[in-house]
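All residue numbers in the sequence shown are consecutive under the numbering used here, ending with 532. Glycine residues also receive a C-beta, built at the ideal position from the N, C-alpha and C atoms. Written below as structure tokens is the structure these notes are about.
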Amino acid sequence: MINYRTIVHVDMDAFFTSVEVRDNASLKGKPIVVGADPIQGKGRGVVSAASYEARKFGVRSAQPVATAYKLCPEAIFLPHRFARYMEASNEIIRVLSTFSDTLLRMSIDEAVLDCSHLGEEFGTWLKLGHAIKNKVREETELSCTIGIATGRTLAKMATEIQKPDGLTLVHPGKECTFLAPLAVEAIPGVGPKAKQSLNRLGFRKIGDLQQAERSLLVQTLGKWGEKLFDLVNGRDSDSFTEHERKSFGEERTFETDLETLEKTQDALLQIAAELAAHMRQKNISGRTVTLKIRFADFHTITRSQTYPTPIRSALVLENVALQIFNRNVSRETVRTEKIRLLGIQLSHLYTAQVGEQLWLF
Ligand SMILES: [Mg+2]
């Protein structure tokens, strides 16, 4: 495995309800539904999450809570505690980032990490997968399901095979065999509509798609058909590897040196806003923010901070830049040393993916 790209997809098991059970052991083993108040079956909201015990009764997330109540009136219905789940999610990201700092949080309970560098340390994907699962369980008391493959989409599909507490490996060279028996809707992004179109064309299993000509898929599905052709044939180009460009930045030398904290912060916010506009234009996000500060006497400091998920909003970038600045330069320093140049640089770049939910710590 040492020479292969090793992409690990981690999906927490029944995340919201598992956090509730962790916080209150008396809930263990019971059917639990997190979501709107069912009000004796008259509630109008929906289910956010259901424990595996509740799922046995047919309760599902996104289902009307009144239906869930009808299916399982003895379930324990709990309100949604988003802040608490976010905290737990951050703990998990912290644990995962001890394995790899090329990590992307896909949603509150799902992350993908590039562990290609860990080949020698773990020897096999099986050992690596168990090591991650064990560490997550030891440090957070929560269980997760893992899929490992050579690409991000394949790894996610592997996770879906065995839940909860699963570990599915799609070894290099075995991609086509793994994919062939799966239904076309197992492909992320194939919703009910796409499924229908594919079925109409005679594609029910991914194996059927493997027999198709590239030109047919491109003709009928456009650009996506090209990507689909590669994926079903085991070439997962859906990577989150860093952007070809190493960094991206904006800096400014001032005509007259800045002497007050307010002016400096203003200038910094302006630079951040410009950089963010550039990032948006180029569809780039990045995990590391570096601040460059040059004083009147040309002495220069740079200070960096790396975040677990890429930053792409102007607001977040502005806040982060300001935080780094305030941590490192005092009002007094600005007054006495004066600032000649400010710069913000972004590195660990990613091309933002459409439809991805990214969360900041
Ligand atoms: Mg999950």
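The alpha-carbon separation between L517 and K453 amounts to approximately 13 Å. Excluding the 5 residues flanking it on each side, L399 has same chain C-beta neighbours closer than 8 Å at I358, L380, L388, L392, in chain order. In the DSSP assignment, I264 falls within the unbroken alpha helix (DSSP H) covering 253-267. Judged by DSSP in its simplified three-state form, K201 adopts coil rather than helix or strand. DSSP links H180 through a beta bridge to V283, G318. Pairwise C-beta distances place the segment 285-300 out of contact with the segment 235-251, as fewer than three of them are shorter than 8 Å.
Listed in chain order, the alpha helix (DSSP H) elements of length 4 or more contained wholly in the segment 284-352 are 290-293, 296-311, 323-332, 346-350. Taking a cut-off of 8 Å for Cβ pairs, the segment 368-382 and the segment 335-346 do not touch, as fewer than three such pairs fall below it. Contact between the segment 270-283 and the segment 228-244 is not established, with fewer than three Cβ pairs separated by less than 8 Å.
By the neighbour-count criterion, in which a residue is buried when 16 or more other Cβ atoms sit within 10 angstroms of its Cβ, D285 is buried. By the Cβ-count criterion, I210 is exposed, with fewer than 16 other Cβ atoms from all chains shown falling within 10 Å of its own Cβ. Non-local C-beta neighbours of P235 in its own chain, meaning closer than 7 Å and more than five positions away in sequence, comprise V217, ordered along the chain. For A196, the three-state secondary structure derived from DSSP is helix.
When rounded, the separation of the alpha-carbon atoms in M257 and G344 is 37 Å.
Listed in chain order, the beta strand (DSSP E) runs fully inside the segment 384-438 are 418-429, counting runs of at least 3 residues.
For V217, the three-state secondary structure derived from DSSP is strand. Residue environment: A254 is assigned as exposed (fewer than 16 neighbouring CB atoms within 10 Å of its CB, all protein chains considered). Distances between the C-beta of E384 and the heavy atoms of ligand 1 are all 8 Å or more. Of the other Cβ atoms in all chains shown, fewer than 16 fall within 10 Å of the Cβ of L486; this residue is therefore exposed. Of the heavy atoms belonging to ligand 1, at least one sits nearer than 8 Å to the Cβ of D280. The beta carbon of S219 lies closer than 7 Å to those of F187, V205, G206, S232, H251 in the same chain, with the five residues before and after it left out.
Relative to the Cα of Y240, the nearest Cα in the group L402, I203, A448 belongs to I203. Relative to ligand 1, the beta carbon of A185 is positioned inside 8 Å of a heavy atom.
Separation of the CB atoms of L512 and T427 is rounded to 12 Å, and the pair is thereby denied contact status at 8 Å. Ranked by how close their Cα comes to the Cα of T295, the residues A383, G214, N261, Y175 have Y175 in first place. The shortest C-alpha to C-alpha distance from L353 to any of A329, D184, N261, N497 is the one to A329.
Under the three-state reduction of DSSP, S232 is assigned to coil, being neither helix nor strand. In this structure, the C-beta of D336 stays at least 8 Å away from each heavy atom of ligand 1. Between D182 and T316, the beta carbon gap of about 5 Å places them in contact (Cβ cut-off 8 Å).
In this structure, the alpha-carbon of E430 lies about 20 Å from that of A443. A residue is called buried when at least 16 other Cβ atoms come within 10 angstroms of its Cβ; K327 meets this threshold and is buried. Selection A185, G229, K227 evaluated against E281 yields A185 as nearest (Cα-Cα). No heavy atom of ligand 1 is found nearer than 8 Å to the CB of D407. With a cutoff of 8 Å, D182 counts as near ligand 1, since its C-beta is closer than that to a heavy atom of the ligand. Per DSSP, the continuous beta strand (DSSP E) segment holding R474 begins and ends at 471-482. A distance below 9 Å separates the beta carbons of A447 and R483.
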